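Trainee: Residue numbers (my numbering): 333 to 681. The beta carbon of each residue, even a glycine, is placed where N, CA and C say it ideally should be. This one's a predicted model, so the numbers in the text were calculated from it and none came from an experiment. Questions regarding the structure given below will be posed in turn.
In structure tokens form, the structure reads like this:
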């Protein structure tokens, strides 16, 4: 939700030209180009290249010098950004706050600040910033992130309202449907939950959560054969999804198909080990966002376990590391993203 949970982030790609204003600021902050030999890049040019190439550690060193000399809000933001891109979220927070002190901050600054807070599991602190974002642009991605933070803060009615608004603007948003279905189920409103599970499953039968939820609804409605069929189909779609395999194995045992049920539960045990690898990779990539190889492995495991929404937003993030990706991985990621354009842009978990 890099990975920062089910949350979403937007990371616009920057070109060399787009950093020209930043370069001018840095030139003033560190003494300008006149102190450098004509044959050498100026400090401004060095920073512009580092930012454009994603060399965040180099950019951090230059920006620290500029900020210490009173570089202003934009350079404070860029220092916070360079720290955040290296997963130094705690170090980044005071620089985000400093950048936002002199009046309304640009929307992009607020979004990057929110992502740092979410990465640190400080959802409550992120809510006022998300309120600003929703009030200024009413973007579905910001609403989804606010809903997720509200759920963590037990503000269930507010979360439901935001999720319903997300679906108004993006009716096929799989993550919003999953969350609304689960929210209604947790509140005991089974009929409403089943409505979302059913609609969501028909739209995205490859979603492990929706398949298991819809199967449970069918079982409750007295349709055990149909419920089992949904789980069987889900297991074909997601043969390594621990969530699906556990539900299918238990359903088979309850239905008297003991031998097949035990076989499926053995598969569930294997998938659980894969799930442990997935959790370890999530943590690793969160702290090492530039490790393209591990990032691709994370995306593959997410797809295998039916976490398609999270896989797509992580794939979009990895595509920004294009130069570090083998051609085969790059092609696969592009095809994966192209096949799921309905998922909100950004990154997850």
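Is it the case that the region 564-582 contacts the region 593-600, given that we only count it when at least three CB pairs across the two stretches are under 8 Å?
Mentor: Touching, yes, given that three or more Cβ pairs across the two stretches are closer than 8 Å.
Trainee: Counting only the same chain and skipping the five closest in sequence on each side, list residues whose C-beta sits under 7 Å from that of residue 474.
Mentor: Counted from its first residue, the chain shown places residue 474 at position 142. The answer, listed in chain order, is 462, 465, 466.
Trainee: If we call anything under 8 Å between Cβ atoms a contact, is residue 642 one with residue 634?
Mentor: Against the chain shown, residue 642 aligns to sequence position 310. Against the chain shown, residue 634 aligns to sequence position 302. In this structure, residue 634 lies closer than 8 Å to residue 642 by Cβ.
Trainee: Grab me the residues of residue 566's own chain with a C-beta within less than 6 Å of its C-beta, minus the 5 sequence neighbours each way, in chain order.
Mentor: Position 234 of the chain shown holds residue 566. The answer, listed in chain order, is 543, 576.
Trainee: Just to check my reading of the structure: residue 607 and residue 629 have Cβ atoms closer than 8 Å, yes? What is that Cβ distance to the nearest angstrom?
Mentor: To locate residue 607, count along the chain shown from 1; it is residue 275. To locate residue 629, count along the chain shown from 1; it is residue 297. About 14 Å; that fails the 8 Å criterion.
Trainee: Helix, strand or coil: which one does DSSP assign to residue 367?
Mentor: Your numbering for residue 367 matches position 35 in the chain shown. Residue confidence for residue 367 is low, a pLDDT of 49 falling below 50, so the modelled location carries little weight and cannot support an answer.
Trainee: Candidates 499, 482, 384, 523: which alpha carbon is nearest residue 417's?
Mentor: Residue mapping note: residue 417 aligns to position 85 of the chain shown, counting from 1. That would be 384, whose Cα lies nearest to the Cα of residue 417.
Trainee: Please look up how many angstroms separate the CB atoms of residue 547 and residue 559, rounded, as I've assumed it's under 8 Å.
Mentor: Counting from one through the chain shown, the residue named residue 547 turns up at place 215. Counting from one through the chain shown, the residue named residue 559 turns up at place 227. Between residue 559 and residue 547 the Cβ distance is about 4 Å, and since that is below 8 Å, they are a contact.
Trainee: For residue 476 and residue 507, which I take to be in contact (beta-carbon distance under 8 Å), what is that distance rounded to the nearest angstrom?
Mentor: For this step, residue 476 is matched to residue 144 along the chain shown. For this step, residue 507 is matched to residue 175 along the chain shown. Indeed, because the Cβ distance is near 7 Å, the residues count as touching under 8 Å.
Trainee: Residue 434: buried (16+ other C-beta within 10 angstroms of its C-beta) or exposed?
Mentor: Here residue 434 corresponds to residue number 102 of the chain shown, with the count starting at 1. So residue 434 counts as exposed.
Trainee: Is the region 438-452 touching the region 409-425, taking contact as three or more C-beta pairs under 8 Å?
Mentor: Taking 8 Å as the limit for Cβ pairs, the verdict is that the region 409-425 does touch the region 438-452.
Trainee: Is it right to say residue 373 is buried, meaning 16 or more other beta carbons lie within 10 angstroms of its own, or is it exposed?
Mentor: Here residue 373 refers to the residue found at position 41 when the chain shown is read from its first residue. Exposed is the call here.
Trainee: Of all the alpha helix (DSSP H) runs that stay within the bounds of the region 585-671, which reach a length of 4 or more residues?
Mentor: Taking only runs of at least 4 residues, the alpha helix (DSSP H) segments lying wholly in the region 585-671 are 590-619, 624-636, 640-650, 659-670.
Trainee: Cα separation between residue 670 and residue 631?
Mentor: Numbered from its first residue, the chain shown carries residue 670 at position 338. Numbered from its first residue, the chain shown carries residue 631 at position 299. Approximately 15 Å, taken between the alpha carbons.
Trainee: Going by C-alpha to C-alpha distance, which of 375, 598, 459, 499 sits closest to residue 485?
Mentor: Walking along the chain shown from the start, residue 485 turns up at place 153. Out of 375, 598, 459, 499, 459 has the C-alpha closest to the C-alpha of residue 485.
Trainee: Please confirm whether residue 539 and residue 530 have their CB atoms less than 8 Å apart.
Mentor: Stepping through the chain shown from its first residue, residue 539 is reached at position 207. Stepping through the chain shown from its first residue, residue 530 is reached at position 198. In this structure, residue 530 does not lie closer than 8 Å to residue 539 by Cβ.
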